[in-house]
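Everything below concerns the one structure shown next.
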Amino acid sequence: MKEWIKDHALEMVAIVISLGGAKGLFDFWARLHEMFGTYLAEASFACALSAAVAAVVTAFFMRCSERRKLAAKDTEIAGLRERPTREKLEEKVRIEAVQREDAEKAFEEKRKECEGLRGKIAEFKKRDSDLATFRMKFKALGPEDMEWVVRVYRAGRQGLEPSDAELAHFNDGVAIKEFLRLDAATQRLFLVNGVEGVLDGCGDLVSCAMRVVCEQDVARAEARATAAEAKLAERDAEASMLAQDDRILHMDYLTKGLLYAIATGDEFKTRDDDSSYLSGNAKNLEAFQDLFQMGLANYETCSMHELRWFGTELAAKLVEEHSDLFGKAKEEVEEIRRKEGAA
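Residue numbering for the sequence shown follows the working numbering, starting at 4 and increasing by one per position.
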């Protein structure tokens, strides 16, 4: 109500003034009535009243028009006052929108980068897991299978051609087939796809396997050398046995008696004046020295006329194999000893 009174105060004042003017008109009409009579007074009053009403209405509409113009001006002024603030606000909103869009783009880029890093981390974890599994399986291989893998790895893309026995072993194996494959066309062994790359990155594993392979190579070489030495010794023993057998057939009774003494571990003494000893001394002693060098027995010279002979297993074996010859030699030796005892 107060607002309405405030907004229409001027109109109310105009009405009051108009009412005051109307009272003046009534007074003017009364004077006219006194001066000119009723008809003229009424006509003049009607004209004056119409003019007054027209003036009031015109003033009211003009006031309303002015108020509308004033309100429009006030609105325009308020708009002009608010325009910088609105433009600043719009600019701020636009900047915030751009910043928000840039932040969203940066966040999306970071999110994609994080996703890529997560993928790489998962890939690295899987590679580490696969590598640990590979190491465990490789170390579980036997020395022979590990040697195969290393040799094929060293052979590169040329592969390794297995022997029939190795091929049979490969076909029967299970664990080795996780590392090696057999090419049906060339009949050569190659590494399974992916194994070479893993071995390239496992220098310590390859070095360990290489040490195993080298140790096996050394062990095999030593075994071959030992076998060769054993065969050579066996052949030398056979040759020595044949030579000894041939010598035994041509020995005189004194030499056979000495060899019999070696086999039995007895002592065989002779005198310097023994004709048999003197006649066969040089030849027999030379022959026995050859036998001693071949390891048949050991001897030591006690004096110029006495020899002590100590038996060996090989001499005993010779006596046993040629018992018929040494039996006769034994009798001859015992006969010599009886004669020496009687003398």
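By construction, the Cβ of each residue, glycine as well, lies at the ideal position given by its N, Cα and C atoms.
Following the DSSP letters along the chain, one finds F193 in no alpha helix (DSSP H) but inside the beta strand (DSSP E) bounded by residues 191-194. One thing to note: V215 has its Cβ within 7 Å of the Cβ of P146. Here D186 is bridged, per DSSP, to R191.
Fewer than three pairs of CB atoms, one per stretch, sit closer than 8 Å, so the region 125-136 makes no contact with the region 183-193.
For F110, the number of other beta carbons within 10 angstroms of its own is below 16, and it is reported as exposed. The C-beta separation of V201 from E181 comes to about 12 Å, leaving the pair out of contact by the 8 Å criterion.
Here G162 is not near L208, since their CB atoms are 7 Å or more apart.
Contact between L144 and A178 is confirmed by a C-beta separation of about 6 Å, below the 8 Å threshold. In this structure, A212 lies near M149, with their beta-carbon atoms less than 7 Å apart.
By the beta-carbon neighbour count (other beta carbons within 10 angstroms, threshold 16), V153 is buried. Minimum Cα-Cα distance from K142 among the listed residues L235, S210, K123 corresponds to S210.
According to DSSP, L163 shares a beta bridge with L192. For the set Y156, R157, W151, the Cα lying nearest the Cα of E169 is the one of W151. Rounded to whole angstroms, E112 and A106 show a C-alpha spacing of 10 Å.
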